[in-house]
Amino acid sequence: MNSSRMLQTTGPTIAIVDDEPQVAETMAEAASLLGYRATTIGSGEDLFAQNLMSYDLIILDLNMPKFDGIQCLRQLAEAGSRSRIILASGYDTRLLETAINFGEGLGLVMAGSIEKPFRISELRKILAKEKPQKAMYVAKEYPVSLDDVLRAMDEGEFEMHYQPQVRLATGELAGLEALIRWPHPELGMVPPNAFLPIVDENNLSLPLFRYVSERVMNGCRIMKHYLPVCSELSINLPPCALTEAAFPEDIARLADDMGCPANRIKFELTETSISENFSNAYEIISRLRLKGYGVSMDDFGTGYSSLSQFSKLPFTQVKIDMQFIQTAKTSSASRVIVENTIEMAKKLKINVVAEGVEDYETYDWLREIGCDEAQGWFIAKAMPPRALLSWLSELDNRGDLKPLQNVSNLRPGQ
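With my numbering applied, the sequence shown corresponds to residues 99 to 512, in that order.
Take a look at the structure:
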């Protein structure tokens with residue numbers, strides 16, 4: 099079977115690859131009701147007769163005759179697919195998790211899994227969550243160019259938003275992660291995945307990093323009277339910074355010029371960036387630490403070299419990737435990874451942050467198992483400085499930040 103069902107003429111596209119027609123049609127119906135343009139494909143072979151680049155999302159059955167889902171993953175990787183992929187299978191969860199790890203190892207964008215037989219409500223929940231995250235759909239929706247990015251940097255159009263991190267034991271503010279946002283004069287708020295690829299492809303990562311650092315450090319100076327003395331502002335460090343021997347001196351000079359103490363700034367690096375520049379990472383991270391800056395390993399657990407990097411480099415913090423936090427309620431493997439990471443970090447005297455906390459149940463569980471800090475929509479979305487100060491004021495209108503006494507009553511983003 100290779101049929102198409104287009105109940106929508108606009109919206110993100112989804113391919114449902116399953117050799118059971120009834121299952122595929124049921125999934126297509128659910129996807130269409132959420133605004134997807136759904137195509138059903140009856141075999142792995144038929145998938146590769148399609149234009150793979152046209153799909154924002156692919157739901158892929160693992161157990162298909164002749165050409166199974168594992169083979170499809172390898173073929174998708176060889177074809178350079180950037181579609182987000184959800185695996186479906188009636189086999190045990192460990193097999194699904196292994197297949198997801200295999201796909202990630204191939205460089206594919208693995209968005210999760212669904213067990214068969216599935217509930218329509220569960221499928222809708224997954225699809226609804228994935229819908230706004232389609233990189234290709236975003237690119238079509240926000241057609242920005244290199245000239246647009248350069249103009250935005252020259253005119254100061256990019257702005258910083260800050261997402262709070264709180265101490266789980268007390269509810270106090272622990273820090274803020276600085277995230278770049280682009281309020282485009284014609285397109286509205288352009289998401290980062292629409293313009294950061296342009297930045298990377300045109301060697302603008304370091305200039306944009308300096309742009310961000312100047313604004314964050316200036317914000318640190320302005321907001322210092324509103325923030326606890328022990329709180330830090332986190333800046334994401336691009337991989338190319340690890341190749342610049344003069345980077346520690348350059349950033350220290352900038353901080354001095356901006357009047358920002360080193361102990362208020364923390365740099366976040368991903369596992370991938372460290373793996374690609376491991377020898378340089380030793381030097382750069384060590385020298386940043388000597389100058390008083392914090393250094394955090396972001397997205398911990400998503401790569402193959404996590405433990406090696408974790409043990410050999412002088413990190414002050416580790417951030418557990420949101421995929422483990424958000425699947426901990428349903429995946430025993432994720433729970434074990436989270437619990438063991440926290441235990442290991444405590445023994446090494448390294449601070450632990452859980453990313454992607456979206457409900458009170460997860461927040462409370464992390465607090466019970468001894469996680470230090472949490473970040474996510476349950477606590478607050480990323481906000482511009484004015485909204486952040488209002489959020490802090492609402493949290494405690496007495497002018498100083500006290501423990502969250504009623505965190506279970508907070509709405510996401512409140």
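Built from N, CA and C at the ideal position, the CB exists for glycine as well. Here the structure is a predicted model, which is why all the values come from computation and not from measurement.
Counted within 10 angstroms of its Cβ, other Cβ atoms place residue i as buried (16 or more) or exposed
| i | result |
| --- | --- |
| Val-264 | buried |
| Lys-164 | exposed |
| Gly-269 | buried |
| Ile-333 | buried |
| Gln-261 | buried |
| Val-434 | exposed |
| Ala-197 | buried |
| Ser-432 | buried |
| Glu-466 | exposed |
| Glu-459 | exposed |
| Asp-462 | exposed |
| Glu-492 | exposed |
| Asp-470 | buried |
| Ala-344 | exposed |
| Ser-430 | exposed |
| Asp-396 | buried |
| Ala-353 | buried |
| Ser-371 | buried |
| Pro-230 | Confidence at Pro-230 is low in this model, with a pLDDT of 45, below 50, so its placement is unreliable and no value can be given for it. |
| Asp-190 | exposed |
Option nearest residue i by Cα separation, candidates the options
| i | options | result |
| --- | --- | --- |
| Gly-178 | Val-207, Glu-466 and Val-450 | Val-207 |
| Ser-181 | Thr-111, Leu-194, Gly-133 and Pro-215 | Thr-111 |
| Leu-158 | Thr-460, Phe-376, Gly-188 and Glu-437 | Gly-188 |
| Ile-243 | Asn-291, Ser-141 and Met-481 | One detail in the question is off: residue 243 reads as Ser in this sequence, not Ile. For Ser-243, the nearest C-alpha among the options comes from Asn-291. |
| Phe-376 | Lys-410, Trp-463, Leu-132 and Ala-175 | Lys-410 |
| Ser-303 | Pro-281, Tyr-380 and Leu-248 | Leu-248 |
| Glu-195 | Asp-166, Phe-256 and Leu-160 | Leu-160 |
| Ala-136 | Asp-154, Glu-143, Leu-352 and Phe-146 | Asp-154 |
| Asp-298 | Pro-337, Pro-412, Leu-352 and Glu-275 | Pro-337 |
| Asp-457 | Leu-352, Thr-425 and His-282 | Thr-425 |
| Ala-129 | Leu-171, Glu-143, Ile-218 and Arg-484 | Ile-218 |
| Met-162 | Met-258, Val-115 and Arg-319 | Val-115 |
| Thr-428 | Tyr-324, Ser-141, Ile-212 and Arg-172 | Ile-212 |
| Cys-358 | Asp-246, Ala-197 and Lys-389 | Lys-389 |
| Pro-483 | Glu-257, Ser-141 and Asp-470 | Glu-257 |
| His-282 | Glu-275, Asn-300, Met-251 and Leu-274 | Met-251 |
| Asp-246 | Ile-296, Val-310 and Asp-397 | Ile-296 |
| Gly-273 | Ile-168, Gly-392 and Met-420 | Gly-392 |
| Ala-209 | Asp-190, Leu-487, Ala-186 and Phe-216 | Ala-186 |
| Glu-374 | Ala-339, Asp-354 and Ala-360 | Ala-339 |
| Ala-226 | Asp-397, Leu-131, Asp-144 and Arg-351 | Leu-131 |
| Asn-199 | Ile-168, Lys-214, Phe-216 and Pro-215 | Ile-168 |
| Lys-514 | Arg-351, Glu-127, Val-121 and Cys-170 | What the structure shows of the chain is the stretch from 99 to 512, and residue 514 is not part of that stretch, so it cannot be assessed. |
| Pro-305 | Glu-381, Asp-190 and Ile-349 | Ile-349 |
| Leu-490 | Glu-381, His-323 and Arg-387 | His-323 |
Distance CB(residue i)-CB(residue j) smaller than 8 Å
| i | j | result |
| --- | --- | --- |
| Met-321 | Leu-221 | no |
| Phe-408 | Val-416 | yes |
| Ile-183 | Gly-201 | yes |
| Asn-316 | Met-356 | yes |
| Glu-330 | Arg-362 | yes |
| Arg-308 | Pro-346 | no |
| Ser-394 | Thr-414 | yes |
| Thr-341 | Asn-378 | yes |
| Tyr-240 | Leu-294 | no |
| Leu-335 | Phe-365 | yes |
| Arg-172 | Leu-193 | no |
| Glu-255 | Trp-280 | yes |
| Ile-448 | Val-436 | no |
| Ile-139 | Ala-175 | no |
| Ala-472 | Leu-266 | yes |
| Leu-464 | Ala-480 | no |
| Leu-277 | His-259 | yes |
| Gly-133 | Asp-166 | no |
| Gly-454 | Met-420 | yes |
Below-8 Å beta-carbon distance, residue i vs any chain B residue
| i | result |
| --- | --- |
| Ser-329 | As a matter of chain content, chain B is missing from the structure shown, which is built from one protein chain. |
Next item on the list: Only counting runs of 3 or more residues, tell me where the beta strand (DSSP E) segments fall wholly within the segment 364–428, in order along the chain.
Entry: Segments of the beta strand (DSSP E) lying fully in the segment 364–428: 392–398 and 415–418.
Item checked: Length-filtered (4 minimum) alpha helix (DSSP H) runs lying within the segment 275–339 -> Those alpha helix (DSSP H) runs which fall completely within the segment 275–339 and span 4+ residues are 290–299 and 303–321.
Next item on the list: Inspect the CB distances between the segment 426–446 and the segment 472–483 and report whether three or more fall short of 8 Å.
Entry: Contact between the segment 426–446 and the segment 472–483 is absent, because fewer than three Cβ pairs lie under 8 Å.
Next item on the list: Could you name each continuous beta strand (DSSP E) segment of 3 residues or more that falls completely within the segment 448–498, going from the start of the chain to the end?
Entry: Listed in chain order, the complete beta strand (DSSP E) runs (minimum 3 residues) inside the segment 448–498 are 449–452 and 471–473.
Note to self: Give the list of continuous alpha helix (DSSP H) stretches no shorter than 4 residues that lie fully inside the segment 165–209.
What the structure shows: If we require 4 residues or more, the alpha helix (DSSP H) runs fully inside the segment 165–209 come out as 167–176 and 191–203.
Next item on the list: Pick out the complete beta strand (DSSP E) segments inside the segment 233–274, 3 residues or longer, and give them in chain order.
Entry: Counting only runs of 3 or more, we get 257–265.
Next item on the list: Output the residue ranges of the beta strand (DSSP E) runs that lie fully inside the segment 133–162 and measure 3 residues or longer, sorted by chain position.
Entry: Fully contained in the segment 133–162 are the following beta strand (DSSP E) runs of length 3 or more, in chain order: 135–139 and 155–159.
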